[in-house]
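Student: Structure incoming, see below.
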């Protein structure tokens, strides 16, 4: 199944709102993981904040739909989303996804 690298850039000064929404966000990610639709995810460290999520989906439209249902996106805490199909070629993790 194709992989889609999705990048979030968070809304400035949204730390408190993200903290309040994080349990729902993580529950959603756990649901996607259980269904085999989320390969991995996590926040960037330092800087202006954001995250990388790698979805397994049939199409870019399906990956965008998964993103659109994320509580962080639903609550308006993500200023910018980028979804691009991604092909793993080499590396230790490439053999797992």
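Residue numbers (my numbering): 345 to 441. Even glycine gets a Cβ: it sits at the ideal position worked out from N, Cα and C.
#1: Would you kindly work out how many angstroms separate the C-alpha atoms of residue 367 and residue 419, rounded to a whole number?
#2: May I have the straight-line CA-CA distance separating residue 392 from residue 356, to the nearest angstrom?
#3: Tell me which same chain residues have a C-beta within less than 7 Å of the C-beta of residue 427, skipping the five on either side of it?
#4: Near residue 421, which residues of its chain fall below 8 Å by C-beta distance, leaving aside the five closest residues on each side in sequence?
#5: So is residue 402 buried or exposed if we call it buried at 16+ other beta carbons inside 10 Å?
#6: Of all the alpha helix (DSSP H) runs that stay within the bounds of the region 399-437, which reach a length of 4 or more residues?
#7: Where does the unbroken alpha helix (DSSP H) through residue 374 begin, and where does it stop?
#8: Closest by CA to residue 352, which one among 425, 375, 431 and 434?
#9: Are the CB atoms of residue 395 and residue 387 within a distance shorter than 8 Å?
#10: Taking 6 Å as the limit between beta carbons, can you name the residues of its chain near residue 369, skipping five residues before and five after?
Tutor: With the structure as the only source:
#1: Per the coordinates, the alpha-carbon of residue 367 lies some 13 Å from the alpha-carbon of residue 419.
#2: About 8 Å.
#3: Cβ neighbours of residue 427 beyond the five flanking positions: 348, 350, 404, 407, 408 and 411.
#4: Taking residue 421 as the centre and dropping the five residues before and after it, the same chain places the C-beta of 354, 355, 358, 361, 362 and 365 closer than 8 Å to its C-beta, in chain order.
#5: Looking at its Cβ environment, which holds fewer than 16 other Cβ atoms inside 10 Å, residue 402 is exposed.
#6: Those alpha helix (DSSP H) runs which fall completely within the region 399-437 and span 4+ residues are 404-412 and 415-418.
#7: Per DSSP, residue 374 belongs to the alpha helix (DSSP H) from 359-378.
#8: Comparing C-alpha distances from residue 352 to each of 425, 375, 431 and 434 shows the shortest one belongs to 425.
#9: Cβ atoms of residue 387 and residue 395: closer than 8 Å.
#10: So the qualifying residues of the chain are 415 and 416.
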